[in-house]
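What follows is a single structure, written as structure tokens, with notes after it.
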Amino acid sequence: MTKKERYQLIIDYFLETSPVAETELLYDNPFQLLVAVILSAQCTDKRVNLTTPGIFRVFPDPVSMAKAEFEDLFPLIRSISYPNNKTKHLIGMANMLLEQFNGEVPMTVNELVKLPGVGRKTANVITSVIDEQPNMAVDTHVYRVSHRLGLVSKKATTPLAVEKELIKFIPEAYVHRAHHWLILHGRYTCLARNPKCSECGLFHVCKNSNR
Numbered sequence: 609m610t611k612k613e614r615y616q617l618i619i620d621y622f623l624e625t626s627p628v629a630e631t632e633l634l635y636d637n638p639f640q641l642l643v644a645v646i647l648s649a650q651c652t653d654k655r656v657n658l659t660t661p662g663i664f665r666v667f668p669d670p671v672s673m674a675k676a677e678f679e680d681l682f683p684l685i686r687s688i689s690y691p692n693n694k695t696k697h698l699i700g701m702a703n704m705l706l707e708q709f710n711g712e713v714p715m716t717v718n719e720l721v722k723l724p725g726v727g728r729k730t731a732n733v734i735t736s737v738i739d740e741q742p743n744m745a746v747d748t749h750v751y752r753v754s755h756r757l758g759l760v761s762k763k764a765t766t767p768l769a770v771e772k773e774l775i776k777f778i779p780e781a782y783v784h785r786a787h788h789w790l791i792l793h794g795r796y797t798c799l800a801r802n803p804k805c806s807e808c809g810l811f812h813v814c815k816n817s818n819r
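Residue 786 in the numbering used here sits at position 178 of the sequence shown; the count goes up by one each step and never skips.
Now the structure itself:
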């Protein structure tokens, strides 16, 4: 099977089984999604979704969050991983949105990564989810599933290398959905320690050497 055929087979599978794939983070606007994605670093979407409603009741927009004191915001996110750093990042992010972007969430990766707490992965999530840009965010699930399914080479040992290979072979129109396909497959089927191989419709093309 050629690399192109492998990609087509896997894309066809997800198009049939998961035609609608989207983030599991709850949000009403780009600012809320940005806050949620920053909080989601090394934390589950479920925990973030339990936390953000309380945050948005008090700090619904960049203006209110920029005015927040550390002591006001920290108690609302203390159940999230790394609450000290994320509190500082959120306040800094809101201030920069006001100072440099007129209070609007920018829609380019280069602009987004300037914000505190925002790396390339977060920027790719924001632009692909909000604007359906062909950007591929590579988290631990995408990294694992991409290797197991043979979508990327063994030489792709960094998130950026995986991102570049996926972007090269996935048709542009599917990239923003493919990000969610791979994440959700890794979250619910292709688990890190105990993958549910008997339930996987892609088991026959899996290259996981341990199975």
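We put the beta carbon where it would ideally sit given N, CA and C, even for glycine. As the structure is a computational prediction, the values presented were derived from the model and not from experiment.
For residue i, which residues in the same chain have their Cβ closer than 7 Å to its Cβ, ignoring the five residues on either side in sequence?
{"i": "N657", "result": "L633, L634"}
{"i": "E822", "result": "Since the first residue of the chain shown is 609 and the last is 819, residue 822 is not available in this structure."}
Out of curiosity, what's the CA-to-CA distance linking residue i and residue j?
{"i": "P714", "j": "S806", "result": "43 Å"}
{"i": "R795", "j": "C808", "result": "12 Å"}
{"i": "L617", "j": "A764", "result": "21 Å"}
{"i": "P742", "j": "V783", "result": "5 Å"}
{"i": "A745", "j": "L757", "result": "17 Å"}
{"i": "K612", "j": "L774", "result": "11 Å"}
{"i": "N816", "j": "L799", "result": "12 Å"}
{"i": "E712", "j": "F811", "result": "43 Å"}
{"i": "D636", "j": "T716", "result": "20 Å"}
{"i": "H749", "j": "P767", "result": "11 Å"}
{"i": "R665", "j": "P691", "result": "18 Å"}
{"i": "F777", "j": "F709", "result": "34 Å"}
{"i": "H793", "j": "L642", "result": "23 Å"}
Quick one: what does DSSP say residue i is sitting in, helix, strand or coil?
{"i": "K762", "result": "coil"}
{"i": "P714", "result": "coil"}
{"i": "N816", "result": "coil"}
{"i": "P627", "result": "coil"}
{"i": "R882", "result": "Nothing about residue 882 can be reported from this structure: the residues present for the chain run from 609 to 819 only."}
{"i": "L705", "result": "helix"}
{"i": "M744", "result": "coil"}
{"i": "D669", "result": "coil"}
{"i": "V726", "result": "coil"}
{"i": "E613", "result": "helix"}
Count the other C-beta atoms from every protein chain shown that fall within 10 angstroms of the C-beta of residue i, then say buried if there are 16 or more, exposed otherwise.
{"i": "N818", "result": "Its pLDDT being 49, under 50, N818 is placed unreliably by the model, and the measurement read from it follows with that caveat. Counting Cβ neighbours within 10 Å, N818 comes out exposed, since fewer than 16 surround it."}
{"i": "T660", "result": "buried"}
{"i": "P803", "result": "buried"}
{"i": "Q640", "result": "buried"}
{"i": "V671", "result": "exposed"}
{"i": "D620", "result": "exposed"}
{"i": "A781", "result": "exposed"}
{"i": "S761", "result": "exposed"}
Under 6 Å Cβ to Cβ from residue i, same chain only, skipping five residues before and after it: list those, please.
{"i": "L684", "result": "G662, I663"}
{"i": "L723", "result": "M701, M704"}
{"i": "V726", "result": "L720"}
Please report the Cβ distance between residue i and residue j, rounded to the nearest whole angstrom; I am assuming they are in contact, meaning their Cβ atoms lie under 8 Å.
{"i": "P638", "j": "I791", "result": "About 20 Å separates the two Cβ atoms, so there is no contact after all."}
{"i": "I646", "j": "L720", "result": "At roughly 11 Å, the Cβ-Cβ gap does not stay under 8 Å, so I646 and L720 are not in contact."}
{"i": "A674", "j": "N703", "result": "5 Å"}
{"i": "L706", "j": "T695", "result": "Actually they do not touch by this definition, with Cβ atoms about 18 Å apart."}
{"i": "H755", "j": "A629", "result": "With 8 Å as the limit, H755 and A629 do not qualify as a contact, their Cβ atoms being about 20 Å apart."}
{"i": "R655", "j": "S687", "result": "7 Å"}
By Cβ distance below 8 Å, which residues in the same chain neighbour residue i in space, the five residues on each side in sequence not counted?
{"i": "V813", "result": "M609, R614, L617, I618, L757, G758"}
{"i": "R801", "result": "none"}
{"i": "D669", "result": "F639, G711"}
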